[in-house]
Each structure stands twice: as C-alpha cells, then as structure tokens.
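The structure appears below as structure tokens.
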Amino acid sequence: MTAATRQFLAAIRSGRIGVGIWGCGHIGASALFHLAVAGVRCFGYDVSPERVRAIAEGRFLTTEVTHPAPPAVTPDTTTAPLRIHASTDWRQMVDHRIGLHLVCVPTDRGRDPSAAALQEVLPHICAVIKEGRAGQRQADGPSFIVIESTIVPSWLDSLVLPTVRESGLTLGDDVHVGAAPRRDWFSGETHTLRTLPRIVGGTSPEATERLAAFYSLICNTVCPARDARHAALTKVVENALRYHGITFANALAVALPHYDTAHVLELASTKWNIPYYHPSLGIGGHCIPLAPRYLISEAGGPERIELVQQALDFNAGYFERLYLTRLKTLLSGHKRVGVLGLAYTPDARMEKLSPAYSVIETLKEAGCCVQLHDPYYSCQEIKALAGVEGFNFPQDLPNFDAVVLVTAHAPYLNEDIACHIAPHAVIIDNFGTWRHRTFPESVTYYEIGAG
Ligand SMILES: NC(=O)c1ccc[n+]([C@@H]2O[C@H](COP(=O)([O-])OP(=O)(O)OC[C@H]3O[C@@H](n4cnc5c(N)ncnc54)[C@H](O)[C@@H]3O)[C@@H](O)[C@H]2O)c1
Numbered sequence: 047m048t049a050a051t052r053q054f055l056a057a058i059r060s061g062r063i064g065v066g067i068w069g070c071g072h073i074g075a076s077a078l079f080h081l082a083v084a085g086v087r088c089f090g091y092d093v094s095p096e097r098v099r100a101i102a103e104g105r106f107l108t109t110e111v112t113h114p115a116p117p118a119v120t121p122d123t124t125t126a127p128l129r130i131h132a133s134t135d136w137r138q139m140v141d142h143r144i145g146l147h148l149v150c151v152p153t154d155r156g157r158d159p160s161a162a163a164l165q166e167v168l169p170h171i172c173a174v175i176k177e178g179r180a181g182q183r184q185a186d187g188p189s190f191i192v193i194e195s196t197i198v199p200s201w202l203d204s205l206v207l208p209t210v211r212e213s214g215l216t217l218g219d220d221v222h223v224g225a226a227p228r229r230d231w232f233s234g235e236t237h238t239l240r241t242l243p244r245i246v247g248g249t250s251p252e253a254t255e256r257l258a259a260f261y262s263l264i265c266n267t268v269c270p271a272r273d274a275r276h277a278a279l280t281k282v283v284e285n286a287l288r289y290h291g292i293t294f295a296n297a298l299a300v301a302l303p304h305y306d307t308a309h310v311l312e313l314a315s316t317k318w319n320i321p322y323y324h325p326s327l328g329i330g331g332h333c334i335p336l337a338p339r340y341l342i343s344e345a346g347g348p349e350r351i352e353l354v355q356q357a358l359d360f361n362a363g364y365f366e367r368l369y370l371t372r373l374k375t376l377l378s379g380h381k382r383v384g385v386l387g388l389a390y391t392p393d394a395r396m397e398k399l400s401p402a403y404s405v406i407e408t409l410k411e412a413g414c415c416v417q418l419h420d421p422y423y424s425c426q427e428i429k430a431l432a433g434v435e436g437f438n439f440p441q442d443l444p445n446f447d448a449v450v451l452v453t454a455h456a457p458y459l460n461e462d463i464a465c466h467i468a469p470h471a472v473i474i475d476n477f478g479t480w481r482h483r484t485f486p487e488s489v490t491y492y493e494i495g496a497g
C-alpha cells in the first residue's frame, strides 16, 4: 500500500473524511450500516423522507427484514454510536467533509436499465465535490465517485466521466471514479456485504488501490478489477451467467416433462465444474432478470449477442409453457388455490418481478380463485401489489384444494404443514422445500422439474 493510500485510509478512519451515500434503499442503507459499524462517518441522502427518517432512527432496511435477525451483525442500533447523518437535502453534504460518494440509486425501470436517477445525482455530487474542494484542505487527495448500483458499464464513459468534465472537475486531480458493484443476498446471514468478495475498479491504478483499501474496512475479501468498466461488467456478466443456468434448467423442465430434471441436474452438479440449477416457477428479483438487458445494452443491441436475447424470449413465455405442459393437468378441477410467498427470495421483503405474479395471473386467467400469503406483507399490501386477497397461514390452508409454495420463508419450513392440507389437494413446490414431508396419500405433491 502506498503512503498516499495509507494517509487516505487514516483520514477515513479518523473521521476527517466522511462518506456520502446517494440513495438509501436496500443497497445504500446496508452500506451506511456496515460503514458506520466500522466506525466510518457517513451521510445518507435520499429523495424519500420516509427512508431518511428510518435511517435517522437507526432502522436499516436490510438488517430489519432479514429473518431471523442476525444478532452478530445487528447490534442495538438505537444505542450503538453510529456516526450517521441522513437528509433529503444533498447540499448539506458540503458542510460534512465528504471525500467518497457512493452511488446507490436505482438503475432500472421495470425490466429495463434506466440511468435517470444516476443522471439526476451525478451533477449534485460534482457540485458537492467542487464546493468542498474550494473550501478545504486537499491533502487527502482527490474525492471519489463510486458507483455501487448495477450499471451498463459504458455509462461510465458516456455519462459519469462527461458529467465530471462538464462540472469543471479534473479526473485524477479533483476526483477519481470507480465501480464497486454489490452482490448481497438479503436473506440469511451467509452472503453479506462483509462475507462476499467485493470487486472494485477505478479509473486509474491509484484509484483502484485506494478503493480496495477503503472497501477492506467492510469486506473480508476485496478483488481489484482491471479498471472501473471491468468491475461494472463483472456484475452484469455474473448475473447473466446465472440467468442462463436457470433458463437452461427451466427449458429442460418443459422439454422433458417425463423426466425428473431436478434430480438429473442435482446429479450433474456432482461434476466438479457444474453448478446446481433447480427448475423453478420463473426468475425473479432485482438483479438476475435484468442482467440480460444490461448486457444487450452494453453489446449495442440484441443482434450482437443473440444467445442472450433468445434466453430473454424463452423466459417471457416460460410460466405459461410450464402451466400448459405440466401444471394444467395437475390442477384440473382444483380451483381454490392458496399461494405461499410473494417475495422472490426467502425471508426478505423483496417482490420485484417475483414469479408469484405469473402464477397468480395465469391461474386467475384459468378460472381459479387465488389467494396469497406472505409473512412479510399485510393483506392490504398483498391486495395492492398482487390484486388478490390475503389469507391466514396456516389456519386457512384447509380451505384450498391446491397450494403453490413459491418462497421458502422460515414459517413455511417450521410449520407442520401436512395436518393443514385438505384431503385430495395438490401441492406445487417451487424448489422441493417440502420434498421430505409426509402428506396424506390422497394429496398430490409435485416439485417443479421433478417429472
Ligand atoms: N436489492 C438488491 O438485491 C440489489 C443487489 C445488488 C445490486 N442492486 C442494485 O443496487 C441499486 C439500488 O438498488 P436498491 O435495491 O437499493 O434499490 P431501492 O429501491 O431499495 O433503493 C433505492 C433508493 O434510492 C432512492 N432514490 C431514487 N431516486 C433517487 C435520486 N434521484 N436521488 C436520491 N435517491 C434516490 C429511493 O428513494 C430509494 O430509497 C440498483 O442499481 C440495483 O440494481 C440491488
């Protein structure tokens, strides 16, 4: 580590340099939380007063929604001396000696990449840096703009760097730019910001070295990328790889319904270089379903990366195909359907592009009466988000002649389900969560992909 990087790190540790977080949602709030727990002075800015109030009150979205609460990483945040200031007014950052600006704003709209929020905050960040540098000592080196949000990598050249230039800042002298994409899986304690290897890249080797030093304050393993563009591309490629793996598993499930493809894929994964992908009800979430679109945008159009477009096309009609090839027959005569799980990931309040939506829509169109339960959403929220009534779990389960288990939330794992399932009911299990349960003989149990 160079002397300059050591000095930079010392300035952060001492609080001489603070860190500004732009966008305090899942990604920004958890960055704030982990940095503050590491003793870093932080300023969180968000357009949403509700988000700012939550942060100011010590409520951090992701640590709040993980279940069970991880005691090791969730101290009593109302009493822990976290140095966090939160505001809806970004101009206040000028007075808070912010040397690193972490951009955590949304970068998608629906299923498509969108740079709108990034375009909004970048000129503000440059204004804060410019004003701050005019009034402060420069001994700690250039400020940083680090994109933690998932981006089309070429946005760095087409959007971030031009904004820096147009603001009158000089790259390398006034400001370094970097990318440090996030990989967190906000479910359980295994894949956290601290434990997941962190890819970081800057616009120069010096910038990359300082970023690696900075992120080592909160991440056990930091992997420097060749530069910021390669760091940003890594996020998109790893998600697109996963998208392809899951798509392949789902394609097998509909093409070979007379096989237990879940079993075959599990056996295949015993080969040293093959990951395990389980066929499922569909691909949900903030990241994986969008990755192909970031990649297509980076490649310059679908015709430049046809395989990715084909995977997107397959997934667009996937649930309907699964329904027609397998589920329609299973559900024949079973019209009262209880769906368990709106979130796409267990024990987190995240419903973006959840396969539960396709399940509900298709079954309603097929004339079923569908109700939904999710322990992380109220009945009013379920109605507003999914357009169906909620129900009580497990008490209401006997009312249904079909149950679709979408999400393996802890209550669904812990409860003795069998005694609540109506005789002759059909169970459709997304990932085989209840595979080893014993159900009454009249009950039909089906795990997606299992023949
Ligand atoms: N949630 C995940 O699992 C996850 C994982 C890895 C990467 N990401 C990426 O991280 C980024 C942020 O995702 P998230 O899940 O935190 O989103 P989020 O919706 O939870 O949070 C975004 C926050 O940004 C705020 N915001 C929106 N526009 C703003 C603006 N112009 N100025 C300031 N604040 C603004 C919103 O009010 C919200 O609080 C996205 O690029 C996403 O793809 C998310």
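By the working numbering, the letter at position 315 of the sequence shown is numbered 361, and the numbering carries on one by one without gaps. Here a beta-carbon is modelled for each residue, glycine too, at the ideal position from N, C-alpha and C.
Residue i beta carbon near ligand 1 (any heavy atom closer than 7 Å)
i, result
"Ile73", "yes"
"Trp68", "yes"
"Pro243", "no"
"Pro335", "no"
"Val283", "no"
"Tyr340", "no"
"Arg288", "no"
"Phe232", "yes"
"Glu166", "yes"
"His276", "no"
"Ala481", "Checking the sequence shown, residue 481 turns out to be Arg, not Ala. No, ligand 1 has no heavy atom inside 7 Å of this Cβ."
"Ser343", "no"
"Arg516", "With the chain covering only 47 through 497, there is no way to say anything about residue 516."
"Val246", "no"
"Glu195", "In the sequence as displayed, the identity of residue 195 is Ser instead of Glu. Yes, ligand 1 has a heavy atom inside 7 Å of this Cβ."
"Lys133", "Rather than Lys, the amino acid found at residue 133 in this sequence is Ser. Checking the Cβ of Ser133 against ligand 1 gives no."
Neighbourhood of residue i by C-beta, 7 Å cutoff - its chain only, sequence neighbours within 5 removed
i, result
"Glu493", "Ala308, Asp475, Gly478, Arg481"
"Pro188", "Gly218, Asp219, Asp220, Val221, His222"
"Ala364", "Per the sequence shown, residue 364 should be read as Tyr rather than Ala. Cβ within range, chain order: Asn296, Gly328."
"Gln53", "Asp186"
"Glu366", "Thr408"
"Leu388", "Glu397, Ser400, Ala402, Leu418, Asp420, Tyr423, Ile428, Leu431, Ala432"
"His170", "Trp136"
Bridge partners - residue i, DSSP secondary structure assignment
i, result
"Leu418", "Val385, Gly436"
"Ile245", "Cys269"
"Glu407", "For Glu407, which the question treats as bridged, DSSP gives no partner whatsoever."
"Ala132", "Gly90"
"Val449", "Gly384, Ile473"
"Val149", "Trp68, Ile193"
"Arg155", "Asp158"
"Ala496", "Asp306"
"Ala226", "BP columns for Ala226 are empty, so no partner."
"Leu458", "Note on residue identity: the sequence assigns Tyr, not Leu, to residue 458. Its beta-bridge partners do not exist; DSSP assigns none."
"Thr490", "Val472"
Cutoff 6 Å; reference residue i; Cβ partners in own chain excluding five residues on either side
i, result
"Leu168", "Thr209"
"Val449", "Gly384, Ile473"
"Arg59", "none"
"Thr51", "Glu255, Arg256, Ala259"
"Thr112", "Residue placement at Thr112 is flagged as unreliable, the pLDDT there being 41, under the threshold of 50; a coordinate-derived value is accordingly withheld."
"Arg275", "Pro199, Leu202"
"Cys88", "Val65, Leu78, Leu81, Ala82, Ile130"
"Ser404", "Gly328, Phe365"
"Asp306", "Ala496, Gly497"
"Ala163", "Val151, Pro152"
Residue i vs residue j beta-carbon contact at 8 Å
i, j, result
"Ala253", "His222", "yes"
"Val149", "Glu212", "no"
"Val86", "Leu263", "yes"
"Leu239", "Ser76", "yes"
"Ala271", "Ile245", "yes"
"Ala402", "Val354", "no"
"Phe439", "Pro457", "yes"
"Gly69", "Val151", "yes"
"Pro227", "Thr280", "yes"
"Ala56", "Gly145", "no"
"Val499", "Ile463", "Nothing can be reported for residue 499: it is not among the residues displayed for the chain, which extend from 47 to 497."
"Ser343", "Pro159", "yes"
"Arg143", "Ile63", "yes"
Own chain residues within Cβ distance below 8 Å of residue i, not counting five before or after
i, result
"Thr134", "Tyr91, Asp92, Val93, Ser94, Pro95, Val98"
"Pro335", "Arg157, Tyr289, Ile329, Asn361, Leu399"
"Phe106", "Ala75, Ser76, Leu78, Phe79, Ala100, Thr123"
"Gly224", "Phe190, Ile191, Val192, Ile193, Val246, Gly247, Gly248, Thr249, Ala253, Thr254, Leu257, Ala274, Ala277"
"Leu207", "Leu217, Val223, Thr249"
"Pro303", "Thr371, Arg372, Gly497"
beta-carbon residue i near ligand 3 non-hydrogen atom, thresh 7 Å
i, result
"Val268", "No copy of ligand 3 appears in this structure; the ligands present are ligand 1."
Report task. Report the residue ranges of all beta strand (DSSP E) runs contained in full by the segment 332-400; include only those spanning at least 3 residues, in chain order. Result -> List check, beta strand (DSSP E) in window: 382-386.
Report task. Counting only runs of 4+ residues fully inside the segment 47-118, write out the alpha helix (DSSP H) ranges in chain order. Result -> Residue ranges of uninterrupted alpha helix (DSSP H) with 4 or more members, entirely inside the segment 47-118 and ordered along the chain, are 49-60, 72-83, 95-102, 107-111.
Query raised in the report: Residue ranges of each beta strand (DSSP E) run of no fewer than 3 residues wholly in the segment 177-223, ordered along the chain?
Result: The segment 177-223 contains these whole beta strand (DSSP E) runs: 189-193.
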